[in-house]
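Undergrad:
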Amino acid sequence: MDIQDAYDYYEIKSAGLGEKLLDALDDAFEILRINPNFQVRYDDVHCLPVKRFPYMIHFRIEGEEVLVYAILNTSLDPGSVW
């Protein structure tokens with residue numbers, strides 16, 4: 001839902017901008033696949049910023065898996081959104 005909401009928002013702002021967001025997210029997910037050891041921001045939740053957009057991917061590492069919990073706008077407080 002986070003991705004769909006962000007996509008819809010950017011498509012309303014400018015046709016094609018939502019697609020650019022999806023491309024940036026694809027790049028970020030590839031980075032996570034290669035090396036998920038990014039900064040722990042709170043508790044054991046890591047965050048990876050999405051290039052060119054004000055979003056961060058919030059995730060945990062559990063064994064060999066990366067579990068994505070949210071993709072949030074950086075102006076939002078993660079505690080109030082979850």
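This note's numbering numbers the first residue of the sequence shown as 1 and each following residue consecutively. From the three backbone atoms N, C-alpha and C, an ideal C-beta is built for every residue, glycine too.
1) Val68 bridges to which residues according to DSSP?
2) How would you call Val40, buried or exposed, if buried means at least 16 neighbouring beta carbons within 10 angstroms?
3) Would you mind stating whether Ile71 and Asp2 have Cβ atoms separated by less than 8 Å?
4) Taking the beta carbon of Ala15 as the centre, do at least 16 other beta carbons fall within 10 Å, making it buried, or is it exposed?
5) Under three-state DSSP, which class holds Arg41?
6) Taking Cβ to Cβ, would you say Phe53 is nearer than 8 Å to Ala24?
TA: Once the coordinates are examined:
1) If you number the sequence shown from 1, residue 68 lands on position 68. Its beta-bridge partners are Phe59.
2) As a position in the sequence shown, residue 40 is number 40, starting the count at 1. Exposed.
3) Your numbering for residue 71 matches position 71 in the sequence shown. Your numbering for residue 2 matches position 2 in the sequence shown. Yes, the Cβ-Cβ distance between Ile71 and Asp2 is below 8 Å.
4) The count along the sequence shown starts at 1 and reaches residue 15 at position 15. Answer is exposed; the Cβ neighbour count stays below 16.
5) On the sequence shown, position 41 is the one that residue 41 refers to. DSSP places Arg41 in strand when its eight states are reduced to three.
6) In the sequence shown, the residue the question calls residue 53 occupies position 53. In the sequence shown, the residue the question calls residue 24 occupies position 24. Closer than 8 Å, so yes.
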